[in-house]
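Each remark here refers to the structure printed beneath this line.
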Amino acid sequence: MRAGVVALATVAAVLTVPATSAAAAVPAPQPGTLVSADPADTTPHARDGETRAFAQIGDTVFVGGSFTQIRQTAASAWIARPYLFAYDRRTGAISTTFLPALDGAVNSLVAGPGGTLIVGGAFKNVNGVSRKNLVALHPGTGATVAGWVGRSDGGMIRDMALYGNWLYVAGAFNWLNGAAHSGLGRLDATTGAVDPTFTVDATVGRHGTGSYAWTIDLTPDGRTLAVGGNFTSVDGLPRNQMALVDVTGTPTVLDWSTEKFVAPCASPATFVHYVQDVEFGPDGSWFVVGTNGGAGWPAAYCDALVRFETGARGAGQLGTWVNFTGNDTITSVEVADNIIYLGGHFRWLNNPNASDAAGPGAIDRLGIAAVTPATGLPVNWNPGRRGSDTMPPGTSTWGSQVPVLWRGSDGLYFGHNSDGMGREYHGRLGMFPLAGGRTITPKNPPTATTGHLYLGTAEGQLAKVPFDGAALGAPTTVSQPTYTGAGATWRVSDRIYWSHLVPGTPTGSRLDISMFNGGAIGVPWESSGYNDWFNPAAMTGAFFLDGRLYYTRAGANALYYRYFEVDGNYLGATEFTLPTTGMTWSSVRGMAWVGGRIVYGATDGALRSVPFDPAGAPAVNGAAATTLAPATAALTWSTPRMFFSVQ
């Protein structure tokens, strides 16, 4: 806790990540609130090193890191204020009374009980007195809290997490307060005394190196601790880089492990460990891990953002979803308001099929991004780690690290080792305010089961057929002059998405959008320039549900899906296959989701429906299919151009 593929017709030949999906968790999209993409103009600046930690007490924000100097504005003189300072979040004014003196970097900050500020890092002395790597300070002056006894020996404190009066610490230490503890420990946050009942150690470093815990986080109920770092054993059990610990009663390592952090990535010498940050979701039922590592995916989760389910048990756990960057580092993650934010020196997301380049499906995101918890796809938020055209002398617009993303009371705070963000100067730190942000509301097809099935019968023409989920009414012909060159079509909220033959496009067809109000199809526009690698004309039927585009394709006997994010209209770069039985998907022509069933046409011209459970094994059982209507001389259900709407 630091407070894809080529044209659809040839996808199977180039897919570089597993394309078969067994029954698994299918997270439903939830409303989320994005912060503004325009950083606040009032935050101070630092230089040298990087910002690694934030905390807030009242209206004061505390900033820690390896920097040595700070200043109020781009034109102000630099002030020597190494490793830790404070400022007023309302005005940005640097505190002139909070003046602690540390002799080493600050890695983590926690607002402790009784209004104290607990500091963890790599220092030996604070305010002229020995305080090894841990100290509690008075937030008004920076004076040391007398009687607070916490300290670590043998190595730094890298991360901390607080629940109630328990302070969890992670790092490269071998002792806490003189008692043997390797990498992990729990202290009384009020006194700094070590809790002797917490005896879980993270040991045996990878590739013969010294072990350490690098990142920790707690579920909101304080019952489960996630830990990541350079270890292969936790409390004597095999756990490579990641473990979950039940911290109720006597702390115990949970029966959860994954093999995806075992194999080395690009170079064990360069990337001793590659788990960089871990963060739980708002209800604690899932967590995300950000990694670095370079080459090595998909065998290992290198340079990726991964979601896991907290309640899963057993060895060999796989990610619910994985978003690969294409060999660029993720150094920090933060979950806030049902949005996952990530920072690092990545250039793209949704990029599993290229290395150090933009592959098919890659979405530009320069060092900072926001993704949805349901699928891991980016949303339409893209400030970028870029500076202005008039950066101050001696600054840099790009760096290797965003060590911390942290949600404060008024926005998302970021710490980095460069000076450009959102095309502005923000030396080593800044904040994206909640003010000016927006809410993302999930969109889906109609939930009603009574409405109309629309079926393409000719260029620019649809049959509008009343449908109550079981029986069909008499069709009427509806002219739709903008609906030409159409293929597979599906309804989402107030619009339709459809395959559109467009000469001159990379694949000859394009994924377009038209508004669909009052039964009229509006003028189409391109869904996103990031989707031009995809050939939608190869789809023989499609529907959308809960962040996934389900489809069949020509010459293939399977039901596929890709993630699809409506906020930005981004298509996932990886194709998955659902487990089904008793279906001839190669004959499907046109699909719609209606009330928990797939309504589909076929090459024999008949219309059928079958129950659909995306988390089921199987998701579809053809034995439960029913025939709704046979082919007739007047109406043949054998075209991909079919969708359902209430209108």
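Under mature numbering (1 follows the signal peptide of the UniProt record, and there is no 0), read the sequence shown as residues -24 to -1, 1 to 623, first letter to last. No residue lacks a Cβ here, since even glycine has one placed at the ideal position from N, Cα and C. Being a predicted model, the structure only gives us computed values, none of them experimental.
Under 8 angstroms between C-beta atoms of residue i and residue j
{"i": "E26", "j": "G8", "result": "no"}
{"i": "P369", "j": "G387", "result": "no"}
{"i": "K108", "j": "S128", "result": "yes"}
{"i": "P5", "j": "T348", "result": "yes"}
{"i": "V170", "j": "N150", "result": "no"}
{"i": "L561", "j": "A534", "result": "Here the sequence assigns Trp to residue 561, which means Leu is not the residue at that position. Result yes, Cβ atoms of W561 and A534 sit closer than 8 angstroms."}
{"i": "residue 625", "j": "D304", "result": "The structure shown does not extend to residue 625, since the chain is modelled only from -24 to 623, so the question has no answer here."}
{"i": "H21", "j": "R57", "result": "no"}
{"i": "V586", "j": "G598", "result": "yes"}
{"i": "G73", "j": "G116", "result": "It should be pointed out that residue 73 corresponds to Thr in this sequence rather than to Gly. For T73 and G116, yes; Cβs fall inside 8 angstroms."}
{"i": "S490", "j": "R471", "result": "yes"}
{"i": "L160", "j": "V86", "result": "no"}
{"i": "V564", "j": "T608", "result": "no"}
{"i": "G181", "j": "N216", "result": "no"}
{"i": "A98", "j": "M136", "result": "no"}
{"i": "N314", "j": "Y546", "result": "no"}
{"i": "I192", "j": "A146", "result": "yes"}
{"i": "G398", "j": "P359", "result": "yes"}
{"i": "W54", "j": "R23", "result": "yes"}
{"i": "V176", "j": "V221", "result": "yes"}
{"i": "L381", "j": "S308", "result": "yes"}
Environment of residue i [buried if 16+ CB atoms lie within 10 Å]
{"i": "N141", "result": "exposed"}
{"i": "E541", "result": "buried"}
{"i": "R134", "result": "buried"}
{"i": "V622", "result": "exposed"}
{"i": "W501", "result": "exposed"}
{"i": "V105", "result": "exposed"}
{"i": "K440", "result": "buried"}
{"i": "P(-7)", "result": "The predicted position of P(-7) is uncertain, since its pLDDT is 37 and thus under 50; a value taken from the coordinates is nonetheless stated next. Classification of P(-7): exposed, given that the 10 Å Cβ count is below 16."}
{"i": "T(-15)", "result": "At T(-15), the pLDDT of 29 sits below 50, so the modelled position is not reliable; the number obtained from the coordinates is stated separately. So T(-15) ends up on the exposed side."}
{"i": "P479", "result": "exposed"}
{"i": "R341", "result": "buried"}
{"i": "A530", "result": "exposed"}
{"i": "R66", "result": "exposed"}
{"i": "F620", "result": "buried"}
{"i": "R162", "result": "buried"}
{"i": "D395", "result": "buried"}
{"i": "D488", "result": "buried"}
Opposing strand residues paired with residue i [DSSP bridges]
{"i": "G205", "result": "A189"}
{"i": "A62", "result": "F38"}
{"i": "D253", "result": "G266"}
{"i": "K440", "result": "Y430 and T452"}
{"i": "N150", "result": "Paired residue(s): none; N150 is not in a bridge."}
{"i": "A605", "result": "L583"}
{"i": "Q32", "result": "V37"}
{"i": "Y144", "result": "A137 and R162"}
{"i": "T228", "result": "D222"}
{"i": "L410", "result": "According to DSSP, L410 bridges with nothing at all."}
Among the options, the one whose alpha carbon lies nearest that of residue i
{"i": "T423", "options": "A568, P500 and T18", "result": "A568"}
{"i": "Q252", "options": "Y473, D340, G270 and P258", "result": "G270"}
{"i": "G445", "options": "G498, G104 and L604", "result": "L604"}
{"i": "H392", "options": "A464, I306, Q293 and G412", "result": "I306"}
{"i": "L525", "options": "T200, T351 and Q437", "result": "T351"}
{"i": "L429", "options": "T92, C241 and T452", "result": "T452"}
{"i": "A514", "options": "T301, G375 and A464", "result": "A464"}
{"i": "W190", "options": "P379, R361 and P418", "result": "P379"}
{"i": "F237", "options": "T458, G266, G375 and T373", "result": "G266"}
{"i": "M407", "options": "R361, V223 and R199", "result": "R361"}
{"i": "Y188", "options": "G130, F174, R199 and V221", "result": "G130"}
{"i": "N356", "options": "I316, S614 and P214", "result": "I316"}
Segment limits, beta strand (DSSP E) that includes residue i
{"i": "D222", "result": "M218 to D222"}
{"i": "residue 639", "result": "In the structure as shown, the chain begins at -24 and stops at 623. Residue 639 is therefore absent and cannot be evaluated."}
{"i": "L535", "result": "Careful: L535 lies outside any beta strand (DSSP E) and carries neither H nor E."}
{"i": "Q387", "result": "Note that residue 387 is Gly in the sequence shown, not Gln. Segment G387 to G391, the beta strand (DSSP E) holding G387."}
{"i": "S394", "result": "Note, S394: premise wrong, no beta strand (DSSP E); not H, not E."}
{"i": "G517", "result": "M515 to L521"}
{"i": "I70", "result": "Here I70 belongs to no beta strand (DSSP E), and DSSP marks it neither H nor E."}
{"i": "H21", "result": "H21 to R23"}
{"i": "E310", "result": "I306 to A312"}
{"i": "T415", "result": "R414 to I416"}
{"i": "Q45", "result": "Q45 to R47"}
{"i": "E285", "result": "A280 to E285"}
{"i": "Y277", "result": "No beta strand (DSSP E) contains Y277, which DSSP labels as neither H nor E."}
{"i": "T92", "result": "Counting along the chain, T92 falls outside any beta strand (DSSP E), and DSSP gives it neither H nor E."}
{"i": "L10", "result": "G8 to L10"}
Any non-hydrogen atom of the ligand FMN within 7 angstroms of residue i CB
{"i": "V39", "result": "Absent from the structure shown: the ligand FMN. Ligands present: none."}
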